[in-house]
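Following: one structure in C-alpha cells, then a few remarks.
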Amino acid sequence: MRKFNIRKVLDGLTAGSSSASQQQPPPQHPPGSREPEIQETLQSEHFQLCKTVRHGFPYQPSALAFDPVQKILAVGTQTGALRLFGRPGVECYCQHDSGAAVIQLQFLINEGALVSALADDTLHLWNLRQKRPAILHSLKFCRERVTFCHLPFQSKWLYVGTERGNIHIVNVESFTLSGYVIMWNKAIELSSKSHPGPVVHISDNPMDEGKLLIGFESGTVVLWDLKSKKADYRYTYDEAIHSVAWHHEGKQFICSHSDGTLTIWSVRSPAKPMQTITPHGKQLKDGKKPEPCKPILKVEFKTTRSGEPFIILSGGLSYDTVGRRPCLTVMHGKSTAVLEMDYSIVDFLTLCETPYPNDFQEPYAVVVLLEKDLVLIDLAQNGYPIFENPYPLTIHESPVTCCEYFADCPVDLIPALYSVGARQKRQGYSKKEWPINGGNWGLGAQSYPEIIITGHADGSVKFWDASAITLQVLYKLKTSKVFEKSRNKEDRPNTDIVDEDPYAIQIISWCPESRMLCIAGVSAHVIIYRFSKQEVVTEVIPMLEVRLLYEINDVESPESEQPPPLSTPVGGSNPQTIPPQSHPSTSSSSSDGLRDNVPCLKVKSSPLKQSPGYQMELVIQLVWVGGEPPQQITSLAVNSSYGLVVFGNCNGIAMVDYFQKTVLLNLGTIELYGSNDPYRREPRSPRKSRQPSGGLCDISEGSVVPEDRCKSPTSAKMSRKLSLPTDLKPDLDVKDNSFSRSRSSSVTSIDKESREAISALHFCETFTRKADSSPSPCLWVGTTLGTVLVIALNLPPGGEQRLLQPVIVSPSGTILRLKGAILRMAFLDTTGCLIPPAYEPWKEHNVPEEKDDKEKLKRRRPVSVSPSSSQEISENQYAVICSEKQAKVISLPTQNCAYKQNITETSFVLRGDIVALSNSICLACFCANGHIMTFSLPSLRPLLDVYYLPLTNMRIARTFCFTNNGQALYLVSPTEIQRLTYSQETCENLQEMLGELFTPVETPEAPNRGFFKGLFGGGAQSLDREELFGESSSGKASRSLAQHIPGPGGIEGVKGAASGVVGELARARLALDERGQKLGDLEERTAAMLSSADAFSKHAHEMMLKYKDKKWYQF
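So in our numbering, the last one in the sequence shown is 1149, and the numbering has no gaps at all.
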C-alpha cells in the first residue's frame, strides 16, 4: 500500500490551491500496483447538459392570462419567468433574459402567440407554436413607462398605455409603433385642471371597436372616438380607479375604486354613475355614505343568457376586518359570496364560454392567482366549490428542507405509494373536469419509474412520481405525528435548539427495494419507518435516547488502564432490549442546574393510529448534555438487510439495531480512531481518545442491563441513572470542563465549528482489512476532515436468532484519507460494476406469518456474509470515495490507491453521486463554483465539465442531487424544482418528450347579429384599424420613442410568425385542410364583397350629397 504522509494530508487540508496544485501531479493516476484493466464504455460524447422541465408553483407571480379557445393559462413572475399550463402534464417554462418583472400578459387568442409587458418597459412577442417557446420580437420604450396593454380579440393592433397618460399603438405582426397616438391632454382637455395620472385601463366598446375606453388612475374615464380622434364622453369620480369592465352590450361599464366602491356608468350619461355599490361597506341608517373600505383591486362584469350578471371582485374589505384573510367576492343577483383565500390575491380571471366580448359571456369558472397558490373556482355549482388542482403546485406547501431523487426504481413502488396516497385526498371538490385542458402530451420515450422525495419544514415527507418529465404527488407522510404538539411557547422548554419548525426534515435515507425509510430531523431526532398496506394502532411508541459526547478538555482519568476500543467488540455484547417507554425521561439537571439527559421533543404517550403507508418503527432522540443541546445530525444511513440504522454529527456516531431496539455503538469521533488519530487536537488528553465515551449503549432511563452479559469493562456505564453518579468520568468531564473553560457561547460555538463531524456513512459487504480473504458486512464512515474509517459488523444468523443474539460492532483499524470532507462512498466489483448495499426485499410485516416462516428465514440474508464466501481471494473490489476536493478509487483488500482525481483546487464539491448511465457507471459532481462534472469509473477520467450555475444560495446546495440515467434536480426557488439531464441521449429525446402548447382549433363562430340589428346598425360596429393606424394614414412614429429588437425565435419561430399573427395566421390555420381552404377562399370573397359594398355605399353617399340641394328640374 502506498504510504500516507500525515504532513501532506494536513497540508492539503489547510493549504491554498497553489500548494495543492504543486503537490498533485496530473489528475489521472495509474494504478499503484498492477490493477486488472476494466473496459470502460462511457465517453465524453455520452454527456450533454441541458435543463429539462421546471415543476412547482411559479415563484413570486405577478401576471395572469388565459386563451379561451386554446385553453392555455400563462403566469408571469417578478423575476421575468413565464409559466404556461395546458392539460395536466403539459407545462412549459420560459425566461425573459432581462429578469424584469412581468406586469401584464396578453394572448393573441387562438394564434399561438403571447405578448408580455415587463417592468423595464419592454414588450415581447412569444411564439407558442414550438415546444420551447421563443421571442419573435421585442420593443423597448425609451421615453415612457408602460403601465397597461390591451389587445382586442382578432386584432393585430395592441394599445399600450403609459405612466404619462398617453396611449401608443403597436402592430403585433411587425412589432413597430403606429404614428397614431392618443395624448393625455387631448383625451381630458379641460375636464381636469391636473394630470390625470397613469393609464390603468384600456378597452374597446364590445359593440363598437371604434370607441376606446381609457381609465386614468386619478378617477377620470374617457370614451375616445378613434376615427374622429376626440373624446365622446368623459366620466369623473373623486376616487382613484383600479380597474374597469364592460357589460357585453356596450351600453354600461363598471369601475372599481380605492375607497372600496364600485361605480356603474351608462355610456351616454357621463354626469354621474347610474349606481354606486360598496360591497363590504356597512350601510349607515341616516343615508350617510358607507364607511370607506380597502381598495377593490379588480372587478369583472360577466353576463349570462339565463340569469343575472356576475360581478366578481378582489379586495374591498372593510378596514375593521383585522386579520381577515384575502377574499374574492362573487356577486350574482341578490346573493354575495365571499370566498376566503389562503394567500393574498395577485390577479384573477373569469373563464367564459365565448372569446367574443360582444356576446353573453356565460362565465363558468374563476382562476385566482394567489401569492403561493393557483385556485380555480366552479361558478356553475352551488357554494362555488374549487376544482382539484392537477398540477404539482404544492411542493412548497411547507418549505422544502431537503430533496432526494431516485431513477429506475422497482416498478411496483409507484402503484404501492399511489394506492396508500389515494386515501389521503381531500373531499368536496367540484365534480367537473379541470377546464384548462389545452395542448398535447409529448411522447414519453423514458419508461423507467422515477421518484422524488421532498422533506419539509413541518416534518412532512412527500413522495412524487417524476417519471417521463412529469410530476404528480403520490403520498404524504407526517413525521410530527409521533410527537406531542406544544400548545404555546411556555409549553415547550426543550425545543430551544430551534425556535421554529422543530420537526423539519434534514436528511432522508431510503431503500427503494425494501421500502425502509429513515429521516433525521432538525431537533436531533431520527425516525425509522416501514411500509405497510395494513392499518395498525401502536399502543406504545418505541423510543431510544442517545447521548453523544465530545471530549474537549485535558483531565486526569482514573480509567486509563482500559483497553483501546480497537480490540473491543464495542457494545456488541450487550443486547439489552428496551422496555416499552410511554414517554421520554423527565428533565434532569446536573449539579449546577444545567439541563441534562432530556431530548428536544416529547414523544406521544397515547396510542398512535397508523394508516396504511409508512408506519413508525422506532424513534431515536439525542439528548441534552450538561446544558448543551444535542448537535444536529449530519449523516444518516439505514440497511434493511442488517436491521441497522447509523447516524452521526459533529460529536460522534451512533448505531442502532432497530430489530432489537438497542443502541450498538455510541462513540465520539475521536474515539473512532483509537490510537491511530493523526490530528493534533487541543486541548484533549491523549489517554482520553482510547476511552469509549461514557456508555457505549446510551439508552433512556429505566433500561435493564443484565450485568452478567456485559463483557466490556465500560459496561457499568450502560445503566446510567438520571442522578448521574460521579464515576461516569468521561461524561462529567465533558459537561463540567467544557463550561469551566468558558461559559461563553461564542467559544463553544467556535469549538463546534472545528469539530470533526461524521459526513458520510455507507453500509456494504466488502473487505474490512488488508488481510481479509473474503468480504463481510461493514460500515464505512467518512468525516469532515477527510478520513474514512471502517467498522466491522458481526451479524447473527437470520430468522429468530437475529432477534435474540447481539450484533457485534468493532472498529477495524482501517483508515484512509482524502483532502476535504468525505461526501459519498460506493463499491465496485472486479468488473467495475456497482455493488449495491445488501437489502431485504419488501414484505408485508403486519400480517401473521405461518407458511411464510421458512421463506422468511431464507430471505433474511439476501447477501451472504459468512467468511466461507464463494468469492475467491483473487477477486478484488474497488472503493470509490468522493470528498469535497478529490475522488479516489481504492483497490480492496490491498487498500492501494488505484486512481485519484483532484476535482477542484479553488472551490469545493457540494454534491457527489455514483450513478448508472448507459449500462455503465460514473461519478457526477456539482461544485460550488457552478461546474457540473462527471468522471468515468474506476479510472476517474474526466468526461464532462460544464459551467452550469453558481451557488447563489444554500437552498441549491441543500437540494441538488444526481440520480441514475443522467437525471438531476435542485430547488431553483422556494416553490419550484428544476430538473436537468447530463445524458446526451435524453437531450436528444427531449424535444419529443415535451408537450405541445398549441393545437389547431377552429375559432368559434361570431355571435349572430340578427337581421334587424344588421339592417338598422344595432349590432357590433367593425373598424378598419389598418386604415386608421397604418403608416399611410397615421404616418411613422418617432424613432426615439421605442426601439425594435428582433427576437431569437429561430427558424421555426420565424415560420410561425411569417404566417402572421392574427388575420393571416387564422387563415393559414384554416388552410390546414380542404375545408379550411374553402373557408379561407370564402372569407376572402366575403371581404372583397364587403369592400365592394363599402365602396358602393361611399359612392352613393357622395352622389346624394352632390345632388342633395338641387331641384328636380336641375338634373
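Using N, Cα and C, we set each Cβ at its ideal position, and we do this for glycine too.
Residue range 447-455 is occupied by the alpha helix (DSSP H) that includes residue 452, with no beta strand (DSSP E) assigned at that position. Counting only runs of at least 3 residues, the segment 933-970 fully encloses the following beta strand (DSSP E) elements, listed from N- to C-terminal order: 943-951, 954-961, 965-970.
For residue 177, no beta strand (DSSP E) run applies, since DSSP gives it neither H nor E.
Residue 868 is positioned such that its CB atom lies no closer than 8 Å to that of residue 676.
In the structure shown, residue 1129 adopts helical secondary structure according to DSSP, grouped into three states. Ranked by how close their Cα comes to the Cα of residue 156, the residues 176, 336, 162, 370 have 176 in first place. The C-beta separation of residue 1012 from residue 85 comes to about 6 Å, placing the pair in contact by the 8 Å criterion. Residue 920 is classed as buried because its beta carbon has at least 16 other beta carbons within 10 Å across all chains shown.
Assignment of residue 218 by DSSP, reduced to helix, strand and coil, places it in the helix class. Sixteen is the threshold: when 16 or more other Cβ atoms of the shown chains lie within 10 Å of the Cβ of residue 276, as they do, the residue is buried.
In this structure, the alpha-carbon of residue 105 lies about 33 Å from that of residue 215. Contact annotation: the segment 458-472 does not touch the segment 80-98, with fewer than three C-beta pairs closer than 8 Å. The residue from 872, 804, 645 with its alpha-carbon nearest to that of residue 570 is 645. Across the structure, residue 942 and residue 213 are spaced so that their CA atoms are roughly 57 Å apart. Shortest Cα-Cα distance from residue 502 to any of 575, 518, 999 involves 999.
Our two residues, residue 1020 and residue 997, have alpha carbons roughly 14 Å apart in a direct line. Pairing residue 928 with residue 109, the inter-Cα distance amounts to about 59 Å.
Among the bridge pairs identified by DSSP, residue 494 is matched with 512.
As DSSP reads the structure, residue 655 sits in a beta bridge with 559, 579. Between residue 72 and residue 444, the alpha-carbon positions lie close to 28 Å from each other.
In the DSSP assignment, residue 1021 falls within the alpha helix (DSSP H) that extends over 1018-1027. For residue 1081, DSSP records no beta bridge to any residue. Annotated as proximal: residue 434 and residue 490, with beta-carbon spacing under 8 Å. Taking C-beta atoms as the reference points, residue 817 and residue 846 fail to come closer than 8 Å. For residue 554, the pairing in a beta bridge is given by DSSP as 541, 560. For residue 394, DSSP records no beta bridge to any residue. The continuous beta strand (DSSP E) containing residue 981 extends over residues 976-981. Note on geometry: alpha-carbon atoms of residue 947 and residue 401 lie some 42 Å from one another. Nearest Cα to residue 1042 within the set 184, 1029, 241: 241.
Residue 256 sits close to residue 222, with the two beta carbons spaced by under 8 Å.
Burial state of residue 631 is buried, judged by a 10 Å Cβ sphere holding 16 or more other Cβ atoms.
DSSP places residue 153 outside both helix and strand once states are collapsed to three, so it counts as coil. Sequence-distant partners of residue 541 (beyond 5 residues in either direction) whose C-beta falls short of 6 Å from its own C-beta, in its chain, are 554, 670.
Spatial neighbours of residue 261 in its own chain (CB-CB distance under 6 Å, excluding positions within 5 residues in sequence) are listed in chain order as 244.
For residue 461, no alpha helix (DSSP H) segment is defined, and its DSSP state is neither H nor E. The DSSP-derived three-state label of residue 829 is coil.
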